[in-house]
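Have a look at the structure below, then the notes.
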């Protein structure tokens, strides 16, 4: 997610995934509506993971909501110190420089384990060792050109999630390889914040760390609703929206804001099999119980042709909204 699309997150819209997922009930009785009216809402807006983050918490005690948000900011900073490439001293940055990291944090190992699971199940279409390809594209863009086939082949030779060695006491990368967790760390952070909020007794929250996890209901006792940017009409109000039930999360990846060419044919979502951007989708939104899973799967679905999306949504047990390169929208549910 990005600061531009964050404007759309603030727009409540009535359409959503629930039409496709009727088993997810969001109805509230009178007592719940009365409780919602008495909640005190507090929020934080801050920079992190190279973007703007937005956290909201509601509780009968304003002090409790404030304390939960304070703890959330602390946890976010800790997660950045482990997983953010924007922090040159983070664990992941140190691993990339030295090709080895001793005593990695438990959280970093958890993210890498989940990444490996997604990579294996998606036949390598999600790969956290993609950083060499990103570097080649970024360098070529700075020189106002496209990468050569030789450059792409050399970078692809250094992309292979299976060669990362991870154990409880170390992480080891072959020389010349590097990791990026930009495709999953923000979702992991949202999950971690939600777990911490629950442990502190917070029942209603929206945790936008670049991907978004929710608890309970939004202010006013209504479901959390998020507009999805139309990347073909970026100045228009969103015509697609997702209603996210209690305990679920939503993540979006698109070709709109981080691009290597003005026509958005080449952008930051790269297929490790080709070294270039896939050509079917402009935007992919995934809803799942885990924000980290939803975050990772947006890249997996970006690689899939339309004929394979429905089956993949069922296999992963997620709901998906996609906008294709012609601007048409499609919805699928597990």
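Residue numbers (my numbering): 1070 to 1403. Built from N, CA and C at the ideal position, the CB exists for glycine as well.
Nearest-angstrom Cα separation, counted from residue j out to residue i
i, j, result
"residue 1282", "residue 1123", "11 Å"
"residue 1305", "residue 1370", "25 Å"
"residue 1146", "residue 1118", "9 Å"
"residue 1340", "residue 1255", "20 Å"
"residue 1110", "residue 1263", "16 Å"
"residue 1390", "residue 1335", "21 Å"
"residue 1222", "residue 1156", "29 Å"
"residue 1248", "residue 1149", "15 Å"
"residue 1160", "residue 1168", "11 Å"
"residue 1116", "residue 1343", "33 Å"
"residue 1193", "residue 1296", "30 Å"
"residue 1189", "residue 1198", "13 Å"
"residue 1380", "residue 1332", "30 Å"
Residue i and residue j closer than 7 Å at C-beta
i, j, result
"residue 1274", "residue 1294", "no"
"residue 1411", "residue 1383", "Residue 1411 is absent from the model: the chain starts at 1070 and stops at 1403."
"residue 1174", "residue 1253", "no"
"residue 1288", "residue 1298", "no"
"residue 1177", "residue 1143", "no"
Residue closest to residue i, alpha-carbon to alpha-carbon, out of the options
i, options, result
"residue 1324", "1289, 1261, 1315, 1396", "1396"
"residue 1258", "1249, 1284, 1276", "1276"
"residue 1350", "1372, 1199, 1286", "1372"
"residue 1251", "1377, 1353, 1337", "1337"
"residue 1365", "1182, 1108, 1158, 1130", "1182"
Own chain residues within Cβ distance below 6 Å of residue i, not counting five before or after
i, result
"residue 1227", "1201, 1245, 1246"
"residue 1164", "1170, 1240"
"residue 1347", "1340, 1371, 1372"
Own chain partners of residue i with C-beta closer than 8 Å, once the 5 adjacent residues on each side are dropped
i, result
"residue 1269", "1133, 1136, 1137, 1140"
"residue 1317", "1093, 1282, 1283, 1356, 1357, 1358"
"residue 1394", "1348, 1349, 1350, 1351"
Beta-bridge pairing of residue i - partner residues as DSSP gives them
i, result
"residue 1295", "1311"
"residue 1114", "1123"
"residue 1234", "1241"
"residue 1350", "1393"
"residue 1323", "1352"
Residues of its chain near residue i, where Cβ-Cβ distance is below 7 Å and the 5 sequence neighbours each way are ignored
i, result
"residue 1272", "1284, 1285"
"residue 1125", "1110, 1112, 1274, 1275"
"residue 1329", "1206, 1210, 1335, 1336"
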